[in-house]
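Numbering (my numbering), first residue to last: 2 to 101. By construction, the Cβ of each residue, glycine as well, lies at the ideal position given by its N, Cα and C atoms.
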């Protein structure tokens, strides 16, 4: 599912599994009729696991992996693996092993 009012950019060679939510908009916590929009960017070669949710304003870095079911509230660095709620970096991948 994508709620894309804030915009979603997906670069080349990205893999997105089933039941992923890309949510580039939200409501203000006090003014609930006000829609807050921030772009989501998923960079080259990233992999988004099944059931993950990417929230407004997040950039998923190059060749990063988002684990299944993760809720991503902050940017994911290039070549990182994030898991959990909220998503946290658990591993950094070896950049030299990727074909650029």
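Taking the continuous beta strand (DSSP E) assigned at residue i, which residues delimit it?
i: residue 15; result: Where residue 15 is concerned, there is no enclosing beta strand (DSSP E), given that its DSSP letter is neither H nor E.
i: residue 89; result: 89-93
i: residue 22; result: 22-24
i: residue 81; result: 81-84
Which whole-angstrom value describes the C-beta separation of residue i and residue j, a residue pair presumed to lie in contact below a C-beta threshold of 8 Å?
i: residue 20; j: residue 51; result: 6 Å
i: residue 73; j: residue 82; result: Not a contact, Cβ separation roughly 12 Å.
i: residue 46; j: residue 15; result: 7 Å
i: residue 49; j: residue 3; result: The Cβ separation is near 12 Å, so there is no contact.
Once you ignore the five residues that flank residue i on each side, which residues in its own chain have a CB closer than 6 Å to its CB?
i: residue 78; result: 62
Could you tell me which of the options sits nearest to residue i, measuring between CA atoms?
i: residue 8; options: 47, 86, 27, 87; result: 27
i: residue 11; options: 31, 29, 40, 32; result: 40
i: residue 99; options: 13, 31, 80; result: 80
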